[in-house]
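Working notes, beginning with the structure itself.
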Amino acid sequence: MAEEKPTDDKVLKGLVRKTKLLEKERDKLVQQETTSQRAIATLKNQVEELLLEKEESKKSLIHFMNSADEAEQTLKRHKESEERNKADQEKERAMLNEKLEALELAEKRQEEMTKKIEELQRENTACQERLESVEKLKRESLELQEKIAGLDQLRLENAQALSQLGDKNKTLEEKIKTLDQLKEKNSALEEEMKVLDQLKKENMALVENTQTLDQLKSENATLQEELKILEQLKKKNATLEEKAERLDQLEKDKSTLEEKIKESDQLQNTITALKNKLSQQGKESEEKLNQLQENLSNEREASTKSLKAAEEEKVKLEGKIKELETRPQETPKQKSKNAANKAKNEMEAKLKVALKEKEDLEKQKIEWTKPSEDQTELNRALELAKKELEGVQASEKKIAQELIQLKTSVDKEKQDLSDKIKAKTNSLNTVQKEKKQIEEKCELLKKENADLKTQTDVLTKELEKLKKDADQTKQSGKSLEKIKKTLEETKQKLQKTTEALDKLKTEKEELTKQSLKNQTDFDQKLTSAQSFIQELTQSKESLEKEKDSLVHQLTESKESLAKEKESLCKQLSETEANLEDTFNKLKELEELPQKVVSLEAQTKTLNNKLKGTDEALKVAKESLNERDQELLEARTSLEQWEKEQENTKNLTQMLNKTKNQLSKTEQEKIEMTEQLNQVKQTSESYKSQLQQLRSDHDALTKTESELKVEIGRLNTKIQSNASEIHILQRERKVAVDDKNKMMDELQIKQAEFESSQSMSENLQHRLKENERILDELNEKMVALEETRLMAERSKSELEKCQKQWNTERLRLEHEMNQKEQDISQLQSSKKKFEESTVHLKDNIKSLEEELKKIRSEFEEKQRHIETLEANKQELITKLEQVENEMAKNSEEIKEKNKLKLELEQTKNHLETLKDSQNKELEDLRTLKDEVRKLSKVQQAVTPDRPQSPKTTSPSSNSLATDGFPRSSSRTSVSSLSGNSTKDEDDLNTEYLKNVIIKFLESKTTRAQLIPVLTMMLKFSPEEVRRLQYITS
């Protein structure tokens, strides 16, 4: 009994100790539960924060996706608009842009296409050079057209000048006709003068007896005057000889003119031949251009087909991507591998297609190099044609100058001839008058001799009759006064006609002055045209300089593009490295689910063992499940986000490339606008010059119309003068008839008057005086015989002069006939030239129509360019919006990267926790072994002791599988072991020391001691911070 009591006491003591230990363990479990609840609460808060961040990220991603979709739509619209606009734009640029798009697609699909892209870019440069050569040809063709237009203008001016010459020839012909009319009038006047001479003779016969003495005195004066006139006639003969020499010179000039006209005809033939050559060359160049355009269209169709195939492949790839996304069983590694393999196969096939296209392009390049020889031949032919045209222009200028000189010389000679003809007609009239006077005097002297003989016999008979006729003489005096009045009126009319002739002369001089002015204006216009040609050559040189500068700029831009390409390759290599890092991270994320599964198993074991804390544990389970789901969702979102990031990178690359393309297109547009402005300026200068030429042409036409009006007015005046002259001639004939009648009556009455006078005087005085008169008459008879001899001599001289004048008149008439023949030949040549001018006008009209078409096309292209610029501005605004959105997205991506880093840090922390838990599990297993040993010892000591290990076993098992910190489990086990046996307390303390020393030895495990020590020693937050500072 005594022995049983101490054993019972020991058992009770052991039970009390165990109960205490259990209570302590319960308290510790409660603390652990509180800590776990706190940790769960913090985890919940973190999870909620993550959910909020996830929702925000989802929203941002949705916004980004929407913006990306909008950007894709805008890009698609932009592509559609570009394709539509490209169809309307020049074919050459369309081909280049399509090839660049194809190259960009190849760059997107595979990074290994960089080398081949360089080759394609070389080919693009070759194509650009070809396009530049084509543009050069177009420019040269335009310059040729402009030069042809200039030549046509010069020809029109020549035609106008020739038309002016024709008009002047017409005026000269009209003037010649007027001269002929004047000659006829002069002949009529000569006839009238003859009639007047006859009247004078009759008057002189009537006044023979009364004015014999006065006549003798006047005859002496007239003889002296006749001698003066003969000297003047000699001088006139000398002037006539000089005029004959001038006429010979005119004939020589006429022959030279005919030769020059033949040369001008030959030049016209050469010009027509050159035109035909130019037209043939233009047709050949147009055919070659059409062939080039057909080749370009074929290449464009092939590129469109390749683009369509690429788009179809893109659609297929998108469908395959969707199918791969719908397969959840396959791992992301397999997906990436399959996608990579497919992409590789597709890119290899595309590389083959690109190589084939390259070979085709090289073949086309070889074919394109062939027509360059034709182009050089065309350029040579054009240069030769230009030289020939310049020679033709120089010859035309020379011919025009010579024609002007000839016109001036012909006008001067015509004026001189007209003046000479007038002077000769005047001189002839005077000579004829003098001749008639001398003949009349001779006849009068003869009659006087006969009359004087008969007077003596008749005087006696007439004295009786004189008395009867005295009354009649009074009446005849009145009739004589009337006749004198009529003669004075005729003299006044003759003075008026002479005044009208003087007016015609003045008007003719004014016309000559105007013609000279027009010729000077024409010379000025020719000089202005020459200066304009020089300006054109200068502008051509400036354009060539600008072309060289543009070529230099193109080379610089190519070098900058090569540098940008190298930088892009570097960026691509960097992106590849980043992608490899992301793949490694994805592998780590793929390993996370296994760890999460293990954690879930641990949590399930803890929930089964800790049924007392079911509610808290259920909450923890739900939170953990939600966390797992969120992690899965986070994984999927990360994968989507990475895909979106890749898409954004691709979009950024696309946008950068589109920006570069837009900048290039802007530069090209700027260059085109500059070229268009230059072309506009040149066209405006041409227009201004054309307007000036047209204004000059209008002024010339106005002057021509004015000249025609004046000519018509002069013709009307001439016709009116002719009608007046006819009227005067009729009146004169009537007056002459009246005068003849009156003269017959006067003769009768004069005889009666003389008889009456003789009868009135005393017959005695009359007889005495008659005797004296007879003596004086005998003396006068002697003097008259001497004067008669002198008159006969002068008459012979006058006859000689008249013969000379007749010969000169015949010669002049012959020359006039020859000139008329020359004028008719000139008129025929003028008609031929007018026909050629008509053909040239038709050609000019066709060229003007072509110019109108070209202008309309130019305006349409300008409108198209304006629409393109508007579209470009819209695209720029959209790109700016997309860039702003991309900046926002980049900021969001940075935030997401920060979250990624935090997640990675948490993952690393979880990994460290797992490692520490594994180590703690190993420690717990060792502790289990020690507990088992102790339980065996206790079972050997007492039979009632086996129940205690049963109670402790679940706790030890639960601690073995627990995921909480190892400090609490270690302290609990150590306390159990220390209370069960006092002998093993020292071992446990040594074990703890060894464990703590191991943790302190390595820097990575020092931080893991802090929560264990805080739980064991109950450190304050400041002490915890100190420890963290020390360990860090």
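In our numbering, the protein residues as written are 72 to 1103. Glycine is no exception: its CB is placed at the ideal position from the N, C-alpha and C atoms.
Helix, strand or coil at residue i according to DSSP, with G and I counted as helix
i	result
Phe904	helix
Phe929	helix
Glu279	coil
Phe1070	helix
Ser1091	coil
Leu1084	helix
Residue i versus residue j: straight-line alpha-carbon distance, rounded
i	j	result
Glu302	Glu316	22 Å
Lys567	Glu795	11 Å
Asn137	Gln952	13 Å
Lys634	Lys641	11 Å
Lys924	Glu930	10 Å
Thr774	Glu581	13 Å
Ile782	Ile741	59 Å
Glu461	Glu612	18 Å
Asn942	Glu717	29 Å
Phe1090	Glu127	39 Å
Glu296	Thr479	40 Å
Asn786	Leu778	12 Å
Glu937	Gln117	58 Å
Gln252	Val780	21 Å
Ser907	Gln351	20 Å
Gln224	Glu200	35 Å
Arg882	Gln875	11 Å
Beta-carbon proximity check, residue i vs residue j, cutoff 8 Å
i	j	result
Ile1067	Leu1088	no
Leu213	Ile915	no
Ile789	Glu244	no
Val1095	Thr1085	yes
Leu970	Glu124	yes
Ala220	Leu918	yes
Ile300	Thr577	no
Glu511	Lys851	no
Glu856	Leu515	no
Buried or exposed (CB count within 10 angstroms, at least 16 for buried), residue i
i	result
Arg803	buried
Ser961	exposed
Lys91	exposed
Val1083	buried
Asn989	exposed
Glu991	buried
Asn792	buried
Ser987	buried
Tyr1100	exposed
Ser865	buried
Lys265	exposed
Ala806	buried
Lys967	buried
Glu854	Checking the displayed sequence, the identity of residue 854 turns out to be Ala instead of Glu. Its Cβ having fewer than 16 others within 10 Å, Ala854 is exposed.
Ile133	exposed
Ile798	exposed
Gln762	exposed
Lys714	exposed
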